[in-house]
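Take a look at the structure below.
Residue numbers (this note's numbering): -15 to 261.
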């Protein structure tokens, strides 16, 4: 059963358009795994993106008429734009370190042009216990519909709601006992959604299981546990400095962990939301 949020509680939430998702995972393209990928069609309103000295290709693109980024200040690519960052690590090492920390039971802040959130492994009792008492609802992020089916019983309307993304999340009945009770908040239901932002796509492409997600809001958000921030160089960062509570020593933040074996990102869920990759 699909239950839509009431107009008074609905969050304004945008996501990448299908064209930008294809660019994010196009190995031959200039924006392969670029964390600020977006265009005039899907760029969040009033997004304050870091400035960049455009490369020749991006400069030509920004001056050309009738293209998706002709007027976008978020123009840039993996060559000339800001890099992904996790504490002192940058680029691919930053994503590797963030995935390793989350996989080890850590809690990570995820901050890009689209959203400012805290995430953890939705199957980790350790991480969920650390987030106990966090204000606001917890949602469950899954890579695609195939993984959604593993954690929840989905009807036809549920699947359509997930794929169409008309709401921030779709209330579904979880399969027992796939996820801990802390995710369900003492009910058999959970708010489930597919990736919307570049960092959500990158994280879910490198992780097999679901992620628990909290939107950072309210006076207590800066007091939530956080082992590091996955963000973009030059993007404004609010909140206190991260800490490493509960992480094993080999996951020292600021570098890649040998405990994590990098895999190639799976296929994008947006152009093919029913795929198994």
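For every residue, glycine included, the Cβ atom is placed at its ideal position computed from N, Cα and C.
Spatially closest choice to residue i from the options, by CA coordinates
i, options, result
"residue 12", "59, 63, 24 and 165", "63"
"residue 117", "14, 209, 17 and 21", "209"
"residue 113", "72, 2 and 166", "166"
"residue 193", "140, 131, 184 and 183", "131"
"residue 263", "115, 2 and 183", "Since the first and last residues shown for the chain are -15 and 261, residue 263 lies out of range."
"residue 183", "176, 75, 174 and 90", "75"
"residue 219", "85, 99 and 77", "99"
"residue 111", "129, 90 and 101", "90"
"residue 77", "6, 54 and 17", "17"
Beta-carbon separation (whole angstroms), residue i vs residue j, contact threshold 8 Å
i, j, result
"residue 103", "residue 178", "Not really, about 14 Å apart at Cβ, beyond 8 Å."
"residue 66", "residue 20", "6 Å"
"residue 82", "residue 92", "6 Å"
"residue 175", "residue 101", "About 13 Å; that fails the 8 Å criterion."
With 16 other Cβ atoms within 10 Å as the buried cut-off, status of residue i
i, result
"residue 154", "buried"
"residue 207", "exposed"
"residue 211", "buried"
"residue 50", "exposed"
"residue 48", "exposed"
"residue 44", "exposed"
C-beta contact flag for residue i and residue j at 8 Å
i, j, result
"residue 138", "residue 28", "no"
"residue 189", "residue 127", "yes"
"residue 125", "residue 197", "yes"
"residue 105", "residue 120", "no"
"residue 214", "residue 94", "yes"
"residue 0", "residue 144", "no"
"residue 24", "residue 52", "yes"
"residue 161", "residue 109", "no"
"residue 201", "residue 69", "no"
Cβ shell of residue i (< 7 Å), same chain only, five flanking positions each side left out
i, result
"residue 42", "59, 60, 61 and 64"
"residue 22", "0, 4, 58 and 97"
"residue 79", "68, 186 and 190"
"residue 15", "7, 8, 21, 61 and 62"
Residues near residue i in its chain [Cβ-Cβ closer than 8 Å; skip 5 each side]
i, result
"residue 159", "134, 135, 136 and 137"
"residue 38", "46, 59, 60 and 64"
6 Å Cβ shell around residue i - same chain, five flanking residues per side excluded
i, result
"residue 107", "193"
"residue 173", "155 and 157"
"residue 115", "none"
"residue 54", "none"
"residue 140", "none"
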